[in-house]
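K.L.:
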Amino acid sequence: MKKVDVILGLQWGDEGKGKVVDVLTPRYDVVARFQGGPNAGHTLEFCGEKYVLRSIPSGIFQGGKTNIIGNGVVIDAILFRAEAEELAKSGHDLTRQLFISKKAHLILPTHRMLDAAYEAAKGSGKIGTTGKGIGPTYTDKVSRNGMRVGDLLSPDFPEIYPRAKARHESILQSLGFQYDIAELERQWFEAVEFLKRFWFVDSEYFINDSLAEGRSVLAEGAQGTLLDVDFGSYPFVTSSNTVCAGVCTGLGIAPNRIGEVYGIFKAYCTRVGAGPFPTELFDQTGDRLCSIGHEFGAVTGRKRRCGWLDLVALKYSIMINGVTQLIMMKSDVMNDFDTIRVATAYEIDGSRTSEFPYSIDGDLKPLYTDFEGWKCDLRGCRSYDEFPAAFRRYVEFIERETGVPVRIISVGPDRDETIIRN
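To get this note's numbering, take the position in the sequence shown, counting from 1, and add 273.
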């Protein structure tokens with residue numbers, strides 16, 4: 274029986290998962306999203322066009338591939354419709370390729386209002402949510418008050434939706450939050466009808482049957498390991514399990530069905546929104562990384578905070594996920610840097626540690642190892658042997674430190690700017 278290979282981010286998201294899934298998809302028959310919602314965008318560029326996917330799996334651009342939105346995902350019907358219609362304009366017919374789990378939860382118009390209300394109530398302690406209702410939707414799921422995709426087909430739907438709405442409105446009133454969802458609600462019901470055009474499936478059976486039939490499956494994660502609700506920099510995290518274990522609960526497959534685990538990381542680090550970031554740079558170097566790397570959120574447009582590669586955090590993510598192969602993105606962003614720095618340990622309250630601590634706030638100082646910059650344009654390279662010696666030393670240092678091979682190196686946004694090592 275086939276196993277499910279997994280691709281996920283090892284940092285604070287925005288590692289470039291969409292491009293890599295698109296590159297790897299030709300090897301697979303099925304691509305499945307296992308968690309997250311439309312707050313995370315996967316950007317793909319090819320043939321001179323740029324696409325941003327929020328809920329739809331990145332395998333959609335490879336003709337004939339089956340794409341699944343798993344039960345661990347939360348769906349905003351309005352944003353899903355906009356995304357699907359935009360793809361249809363570019364010639365990608367999703368109705369024949371995309372299947373949606375009946376157990377995936379729905380983001381309601383009032384979830385967005387709750388998101389805004391909760392964030393406003395935090396005052397100076399804001400998390401930095403995208404405001405798309407992700408957190409309140411997962412909260413309803415865990416508290417057993419959620420609405421699922423399968424409910425749209427239920428004869429009880431006319432009672433299910435008003436009951437959920439009324440519960441949310443009572444919370445909003447208690448918070449004194451002013452809102453008007455009339456137009457948003459109208460759009461939502463129209464989008465729900467659009468959503469019904471797609472196949473709603475029992476995705477756990479769908480995927481396990483696919484494996485039994487010998488079909489290869491790639492599970493695609495959103496965000497990154499350091500945003501995981503259990504293992505990330507809590508409370509500045511997302512509301513789902515972004516780690517490899519989330520594949521089992523987000524798709525309905527057994528742990529012994531996990532195969533290769535591809536871990537994606539940038540050659541440096543970025544983070545969007547609030548939360549600790551040990552290697553963050555507040556100088557011209559940080560500004561250069563942001564400018565050259567075009568570090569702005571694909572969905573929100575928010576500027577990303579930038580810093581050096583953090584090997585303490587990276588090794589932690591590799592351990593949590595059982596990563597078998599590493600994929601390094603955006604190496605070309607540092608083409609013109611004289612010196613490249615990598616954090617290899619932390620100093621906390623005067624003591625040195627190589628472990629990612631319970632809290633990364635407070636008196637934490639990253640300890641760096643410096644590397645000579647490669648000072649050339651990597652985008653022209655098409656094999657590992659063509660890379661300059663300085664860059665190869667950087668890659669091989671990461672491999673030695675982590676104990677995991679770097680199998681894929683991206684040197685630009687396009688499909689063909691991807692070097693795969695044997």
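In this text, a Cβ means the ideal position worked out from N, Cα and C, and glycines have one as well. In this text the structure is predicted, and so the values were computed from the model without any measurement.
Just the Cα atoms here: how many angstroms apart are Y631 and M592?
P.N.:
15 angstroms
K.L.:
Apart from the five residues just before and just after E723, which ones in its own chain have a Cβ nearer than 6 angstroms to its Cβ?
P.N.:
Since the first residue shown for the chain is 274 and the last is 695, residue 723 is missing from the structure and cannot be characterised.
K.L.:
To the nearest whole angstrom, what separates the beta carbons of R354 and F467, a pair I think is in contact under 8 angstroms?
P.N.:
Yes, R354 and F467 are in contact; Cβ-Cβ is about 5 angstroms, under 8 angstroms.
K.L.:
Do L379 and N340 come within 8 angstroms of each other at the CB atom, strictly closer than that value?
P.N.:
no
K.L.:
Going by DSSP, what residues sit across from T642 in a beta bridge?
P.N.:
V615
K.L.:
L214 to P435, Cα distance in whole Å?
P.N.:
There is no way to answer for residue 214, as the model of the chain reaches only from 274 to 695.
K.L.:
Would you mind reading off the limits of the beta strand (DSSP E) that contains F473?
P.N.:
472-474
K.L.:
Using a threshold of 8 angstroms, state whether the C-beta atoms of V294 and L491 are closer than that.
P.N.:
Contact annotation: V294 and L491 have beta-carbon atoms nearer than 8 angstroms.
K.L.:
If we ignore side chains and look at the alpha-carbon of each, how far apart do S604 and V474 end up?
P.N.:
One C-alpha to the other measures close to 40 angstroms.
K.L.:
Whose CA, out of Q308, A540, E477, D643, lies closest to the CA of V668?
P.N.:
A540
K.L.:
Can you tell which of W647, L283, G310, G332 has the C-alpha that lies nearest to the C-alpha of R300?
P.N.:
G332
K.L.:
If contact is defined by three or more beta carbon pairs under 8 angstroms, each pair taking one atom from either stretch, is the stretch 625-641 in contact with the stretch 658-678?
P.N.:
No, because fewer than three Cβ pairs between the stretch 658-678 and the stretch 625-641 fall closer than 8 angstroms, the two stretches do not touch.
K.L.:
From what residue to what residue does the alpha helix (DSSP H) around R665 run?
P.N.:
That run of the alpha helix (DSSP H) goes 662-675.
K.L.:
At the level of alpha carbons, what is the spacing between Y641 and G623?
P.N.:
16 angstroms
K.L.:
Can you list, in chain order, the residues of its chain whose CB lies under 6 angstroms from that of E458, leaving out five sequence neighbours each side?
P.N.:
P382, listed in sequence order.
K.L.:
DSSP puts E620 in a beta bridge; with which residues?
P.N.:
R625, K638
K.L.:
I'd like the span of the alpha helix (DSSP H) that includes T412, first residue to last.
P.N.:
407-415
K.L.:
Could you check where the alpha helix (DSSP H) with T558 kicks off and where it finishes?
P.N.:
557-565
K.L.:
Taking only runs that begin and end inside the stretch 314-392, name each unbroken beta strand (DSSP E) of 3 or more residues, in chain order.
P.N.:
315-319, 322-326, 339-342, 371-374
K.L.:
Within this structure, are the beta carbons of I407 and M420 separated by less than 8 angstroms?
P.N.:
no
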